Every structure is written in C-alpha cells, then in structure tokens.
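Residues in the sequence shown are numbered consecutively from 1, following the UniProt record's numbering.
Note that CB positions come from ideal geometry on N, CA and C, so glycine has one too.
Remember, predicted model here, so these are calculated numbers, not experimental data.
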Amino acid sequence: MEKTHSKSTLKFVKSASQFTTGLWSTNSEGMPKDEFKDNSKSCQKSPTMEYTKAQEVKLHTQQRATKRAMFNYMVATKLSILEQQRKQEEMLQKMIEEEEIRLLRKEMVPRAQLMPFFDRPFIPQRSSRPLTIPREPSFRMMSSKGFSCNSGSELYNFQPTTQAMNPIK
Numbered sequence: 001m002e003k004t005h006s007k008s009t010l011k012f013v014k015s016a017s018q019f020t021t022g023l024w025s026t027n028s029e030g031m032p033k034d035e036f037k038d039n040s041k042s043c044q045k046s047p048t049m050e051y052t053k054a055q056e057v058k059l060h061t062q063q064r065a066t067k068r069a070m071f072n073y074m075v076a077t078k079l080s081i082l083e084q085q086r087k088q089e090e091m092l093q094k095m096i097e098e099e100e101i102r103l104l105r106k107e108m109v110p111r112a113q114l115m116p117f118f119d120r121p122f123i124p125q126r127s128s129r130p131l132t133i134p135r136e137p138s139f140r141m142m143s144s145k146g147f148s149c150n151s152g153s154e155l156y157n158f159q160p161t162t163q164a165m166n167p168i169k
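1. Assign residue 57 to one of three DSSP states: helix, strand, or coil.
2. For residue 77, name the three-state secondary structure that DSSP assigns.
3. Flag this pair as yes or no: are the beta carbons of residue 101 and residue 135 separated by less than 9 Å?
4. Quick one: what does DSSP say residue 86 is sitting in, helix, strand or coil?
5. To the nearest angstrom, how far is the alpha carbon of residue 123 from that of residue 96?
6. Near residue 137, what residues of its chain come up, given a Cβ to Cβ distance below 6 Å and the 5 sequence neighbours on each side ignored?
7. Which class does residue 123 belong to by DSSP, given the choice of helix, strand or coil?
8. In angstroms with no decimal places, state the Cα-to-Cα distance between residue 21 and residue 60.
9. DSSP on residue 168, reduced to helix/strand/coil?
10. Would DSSP call residue 52 helix, strand or coil?
11. Per DSSP, what kind of secondary structure is residue 140 in: helix, strand or coil?
12. Roughly how many angstroms separate the alpha carbons of residue 132 and residue 126, rounded to a whole number?
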C-alpha cells in the first residue's frame, strides 16, 4: 500500500520537476539524473525582425461629428420653422374667430321692431291667378275591366263602375 502511495507522489514530483526545470532528466526509477542540457542552444534567439511601424489610422469620428452637428442643426431649424408656422396659424385662427364673434355680437344686439303704420292699414287684394280646379283621384288606372271581390261578407264587395269621374265644382 505504501508503494502505490510512493509511486503516485513520485509521479507528481516527476511531472512537476519536468515542467518547472526542464534541465534535469530522470531515469526509469524516477530518480533525477545529473545530466545538463546545453544552454547555448536554447539561449540562441532567432534573428530579430524589424519593428513594424504603426500606420496612421484614419478615424471618421471628426467627419461623423461634423455631419451629425449639421444634421442636428437642420433638425432644430426645421422644428423651429414648424413651430413658428404653427404659432402663426393659431394667431390667424384666433383672429378669425374673434372677428366672427364680434360680428355675431353685433348681429345679436336686440333691436325694437318698427311701429306699424296705423294711418295706412293693410288691405289684402285679390290674386290675379286663376283658381285651381280640384279633381277626384283616379283609382281605375290599375285595370281597365274593373274587378270584383266575392267573399262571404259584404264588406269586401267591389263592383266595377262605368261612370266617369267628374270634377267637383
């Protein structure tokens, strides 16, 4: 049991030592060897590249800011013009209404009726139009032969008449 525990600790130590140092190597038993790696090979660096020069970045923030300011100015002027037009329309409407009210008040002033002329009384005159001649309505237009209704009661007893309708005088 102790052996398994010791192996796991050795594995931990082995893996930790490999990652941290990298210079020591171990044999099959997990014990470190006394071999050194050549530091001259690992210290050699690749030839250095020239530093890249930063290009000028063209930001459109200034252009966008000026365009936005112009847009805001146009919107503000448009709103102010619309507000002025609305105020003018309201003033004109108010003036028209006041004039109408003034005219209505002028018309609505109660005035006395003129006194009738008693020295010249009104005498109606006969009209010169001819009198209208009254006629009875013609109910026979529906059928030329006439009609009769024969039912059990005498209320509905219609008989054709042969007399022509004469105007009433």
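This is what the structure gives:
1. Taking the sequence shown and counting its residues from 1, the one referred to as residue 57 is at position 57. For residue 57, the secondary structure class from DSSP, reduced to helix, strand or coil, is coil.
2. In the sequence shown, residue 77 corresponds to position 77, counting from 1. Looking at residue 77 - three-state DSSP - the assignment turns out to be helix.
3. If you number the sequence shown from 1, residue 101 lands on position 101. If you number the sequence shown from 1, residue 135 lands on position 135. No.
4. What you label residue 86 is simply residue 86 of the sequence shown in a count that begins at 1. Three-state DSSP puts residue 86 in a helix.
5. Looking up residue 123 in the sequence shown gives position 123. Looking up residue 96 in the sequence shown gives position 96. Approximately 47 Å between the Cα atoms of the pair.
6. Position 137 of the sequence shown, counting from 1, holds the residue named residue 137. So the list is empty, once near-sequence residues are dropped.
7. On the sequence shown, position 123 is the one that residue 123 refers to. Correct three-state label for residue 123: coil.
8. As a position in the sequence shown, residue 21 is number 21, starting the count at 1. As a position in the sequence shown, residue 60 is number 60, starting the count at 1. Only weak support is given to the placement of residue 21: the predicted model assigns it a pLDDT of 49, under 50, and the value that follows is read from those uncertain coordinates. Their Cα atoms are separated by approximately 52 Å.
9. As a first step, residue 168 must be located in the sequence shown, where it is residue number 168. It is coil, neither helix nor strand.
10. For the purposes of this step, residue 52 is taken as residue 52 along the sequence shown, with counting starting at 1. Three-state result, residue 52: coil.
11. As a first step, residue 140 is located in the sequence shown; it is residue number 140 there, counting from the start. Residue state, collapsed to three classes: coil.
12. Residue mapping note: residue 132 aligns to position 132 of the sequence shown, counting from 1. Residue mapping note: residue 126 aligns to position 126 of the sequence shown, counting from 1. Each residue's CA atom was taken as its position, placing residue 132 and residue 126 some 15 Å apart.
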